[in-house]
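Take a look at the structure set out below.
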Amino acid sequence: MILTNKDWVILKMKILQFLFAFNCGLVLVGYTLKSFILVSLRWPWAILFFVISILILRKIVNLRIFQFENSGLVFSIKSYHPLKKGIVSPLVEYPVDYLRSLKIERSVFVDVIVIDIDLKEKETPFRIKIKVSDISDNDYRRMVNSFLQK
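Numbers in our numbering are just positions in the sequence shown, counted from 1, shifted up by 60.
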């Protein structure tokens with residue numbers, strides 16, 4: 061089973077790029093027509109557009125395409141930025157029997173998938189954290205269910 065959020069992340073990136081270009085266009089129009097803007101409002105508007113630009117850029121940088129594959133014996137996870145070119149090697153590739161837990165931690169800008177792997181050399185589980193973008197609850201349930209079906 062293969063799960064990916066590639067289409068959604070690419071669409072989201074295009075929307076964010078459009079918003080960033082629109083915001084920069086508004087700044088250029090404001091600079092060109094600054095004689096029509098009240099002097100007391102120039103700096104607050106400039107700061108507002110600067111903050112919006114920083115938030116949009118941060119969101120673009122934190123975008124991650126997530127690809128999960130479970131063949132039944134081995135699971136692998138790839139996570140990469142949408143602008144990455146070339147071959148993407150898996151971040152995680154372990155036998156399914158070694159998996160102890162799989163959970164997702166959500167925040168405003170980025171979600172994190174936490175995987176606990178049971179290694180024979182250690183008593184404590186090996187913890188892997190992977191930043192991802194826009195993993196739906198349905199996809200998360202499908203990932204967990206793929207481990208339960210044997």
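Note that beta-carbon positions come from the ideal geometry of N, C-alpha and C, so glycine has one too. Fair warning: this is a prediction, and the values are worked out from it, not measured in the lab.
Q.
Could you compute how far the alpha carbon of P155 sits from the alpha carbon of L133?
A. One-based indexing of the sequence shown puts residue 155 at position 95. One-based indexing of the sequence shown puts residue 133 at position 73. C-alpha separation (whole angstroms): 6 Å.
Q | Close-in-space but distant-in-sequence residues of the same chain around F109 (CB under 7 Å, 5 per side omitted) | A | Against the sequence shown, residue 109 aligns to sequence position 49. Cβ within range, chain order: N83, L86, V87.
Q) So, is F128 buried or exposed, given that buried needs 16 or more other C-beta atoms within 10 angstroms? A) On the sequence shown, position 68 is the one that residue 128 refers to. So F128 ends up on the buried side.
Q.
For the pair the region 96-103 and the region 113-128, tell me if three or more CB-CB distances fall below 8 Å.
A. no
Q) Run through DSSP, which three-state label would D171 get? A) To locate residue 171, count along the sequence shown from 1; it is residue 111. In this structure, D171 counts as strand in the three-state DSSP scheme.
Q. How should V168 be labelled, buried or exposed, when 16 other C-beta atoms within 10 angstroms of its C-beta is the threshold for buried?
A. On the sequence shown, residue 168 is found 108 positions in, with the first residue counted as 1. Exposed, since its Cβ has fewer than 16 Cβ neighbours within 10 Å.
Q: Alpha carbon to alpha carbon, how far is L162 from T184? Give it in angstroms, no decimals.
A: Mapped onto the sequence shown, residue 184 falls at position 124. Mapped onto the sequence shown, residue 162 falls at position 102. Near 15 Å, if we compare the C-alpha coordinates of L162 and T184.
Q: Check T92 in the structure and name its three-state DSSP category.
A: The count along the sequence shown starts at 1 and reaches residue 92 at position 32. If DSSP states are grouped into helix, strand and coil, T92 belongs with the helices.
(Q) Helix, strand or coil, according to DSSP, for K145 in the structure here? (A) The residue given as residue 145 occupies position 85 in the sequence shown. Of the three classes helix, strand and coil, the one that applies to K145 here is coil, per DSSP.
Q: Would you mind reading off the limits of the alpha helix (DSSP H) that contains L117?
A: The residue labelled residue 117 in the question sits at position 57 within the sequence shown. It spans 99-121 - the alpha helix (DSSP H) in which L117 sits, taken as one unbroken run.
(Q) Less than 7 Å between C-beta atoms, sequence neighbours within five positions excluded: which residues of the same chain meet that for D178? (A) Taking the sequence shown and counting its residues from 1, the one referred to as residue 178 is at position 118. The answer, listed in chain order, is Y158, R160, P185.
(Q) Check for me: the beta strand (DSSP E) holding Y200 runs from which residue to which? (A) To locate residue 200, count along the sequence shown from 1; it is residue 140. Y200 -> not in any beta strand (DSSP E); alpha helix (DSSP H) instead, spanning 197-208.
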